[in-house]
Amino acid sequence: MPVEVMPVHAPILETRTLHWPDEAACATWAAALANHAELRNAFITLHGPLGAGKTTFVRHLLRALGVQGRIKSPTYAVVEQHSAPGLAIAHFDFYRFDDAREWEDAGFRDVFAAPGLKLAEWPEKADGVLPLPDLALTLEPQDDDIRLVTAHAHTPRGVALLA
Numbered sequence: 006m007p008v009e010v011m012p013v014h015a016p017i018l019e020t021r022t023l024h025w026p027d028e029a030a031c032a033t034w035a036a037a038l039a040n041h042a043e044l045r046n047a048f049i050t051l052h053g054p055l056g057a058g059k060t061t062f063v064r065h066l067l068r069a070l071g072v073q074g075r076i077k078s079p080t081y082a083v084v085e086q087h088s089a090p091g092l093a094i095a096h097f098d099f100y101r102f103d104d105a106r107e108w109e110d111a112g113f114r115d116v117f118a119a120p121g122l123k124l125a126e127w128p129e130k131a132d133g134v135l136p137l138p139d140l141a142l143t144l145e146p147q148d149d150d151i152r153l154v155t156a157h158a159h160t161p162r163g164v165a166l167l168a
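Residue numbering for the sequence shown is 6 to 168, as defined by this note's numbering.
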């Protein structure tokens, strides 16, 4: 008789639901998040449909951290490296990621092993190779510019980021 394997789900230590009525609210929350010392080595995943505001949130967060210059989406490059004062940042977009061998070939294991902030859009496309995120944000577009955001903390660092 076959044994049924149950999927393993990441533990959720804390959940918060946020309401961003406009882009300014997104920017305000990103700026508050940027002030947390725990962010320095965090891994944050961003979920949501096209146009949900994932890249917009990342841009606001990186600006709040002091990143200068153009902040472009890594959709075609898969990863864009940034630096802020005393902080290395890797912004991933796995939308076009479709081969787990790319993970090793591109050296992503080394990027995740190094200190710094890691942000990943479309993490479900790299399921099985990504580490457990500290914080998972799901952005759901509502009417106009309104976003409903569900934040799941999967680690003590993620819980601290929600505090």
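Using N, Cα and C, we set each Cβ at its ideal position, and we do this for glycine too. Being a predicted model, the structure only gives us computed values, none of them experimental.
* Asked: Among the residues of its own chain, which have a CB less than 6 Å from the CB of ASP27, if the five just before and after it don't count?
  -> For this step, residue 27 is matched to residue 22 along the sequence shown. Closer than 6 Å at Cβ, skipping near neighbours: ASP150.
* Asked: What is the residue span of the beta strand (DSSP E) that VAL83 lies within?
  -> Reading the sequence shown from its first residue, position 78 is the one you call residue 83. Per DSSP, VAL83 belongs to no beta strand (DSSP E) and is neither H nor E.
* Asked: Nearest CA to the CA of PHE99: which residue from THR50, GLY56, ALA93?
  -> Against the sequence shown, residue 99 aligns to sequence position 94. Nearest C-alpha to PHE99: THR50.
* Asked: Looking at the unbroken beta strand (DSSP E) that takes in THR160, where does it start and where does it end?
  -> Position 155 of the sequence shown, counted from the start, is the residue given in the question as residue 160. Element bounds for THR160: n/a, residue is neither H nor E.
* How is ASP98 classed by DSSP in three states: helix, strand or coil? -> In the sequence shown, the residue the question calls residue 98 occupies position 93. Note: ASP98 maps to strand in three-state DSSP.
* Less than 8 Å separating the beta-carbons of ARG56 and PRO120? -> Residue mapping note: residue 56 aligns to position 51 of the sequence shown, counting from 1. Residue mapping note: residue 120 aligns to position 115 of the sequence shown, counting from 1. It should be pointed out that residue 56 corresponds to Gly in this sequence rather than to Arg. No, these two residues do not count as a Cβ contact at 8 Å.
* Got a sec? Which residues, its chain only, sit under 6 Å from GLY58 by beta carbon, not counting five neighbours each side? -> The residue you call residue 58 lines up with position 53 of the sequence shown. Counting only Cβ-Cβ distances below 6 Å, and skipping sequence neighbours, we find LEU144, ARG152.
* **For LYS59, the first and last residue of its enclosing beta strand (DSSP E)** => On the sequence shown, residue 59 is found 54 positions in, with the first residue counted as 1. From DSSP, LYS59 is part of no beta strand (DSSP E) but of the alpha helix (DSSP H) over 59 to 70.
* Asked: With respect to the alpha helix (DSSP H) encompassing GLU109, which residues constitute its N-terminal and C-terminal limits?
  -> In the sequence shown, the residue the question calls residue 109 occupies position 104. GLU109 -> alpha helix (DSSP H) spans 106 to 110.
* **Straight-line Cα distance separating ASN40 from THR33** => Reading the sequence shown from its first residue, position 28 is the one you call residue 33. Reading the sequence shown from its first residue, position 35 is the one you call residue 40. Using only the alpha carbons, I get a separation of about 11 Å.
* Roughly how many whole angstroms lie between the Cα atoms of GLU129 and ASP103? -> As a first step, residue 129 must be located in the sequence shown, where it is residue number 124. As a first step, residue 103 must be located in the sequence shown, where it is residue number 98. So the alpha carbons of these two residues sit roughly 11 Å apart.
* Taking the beta strand (DSSP E) that LEU140 falls in, what are its first and last residues? -> What you label residue 140 is simply residue 135 of the sequence shown in a count that begins at 1. Counting along the chain, the beta strand (DSSP E) containing LEU140 begins and ends at 140 to 146.
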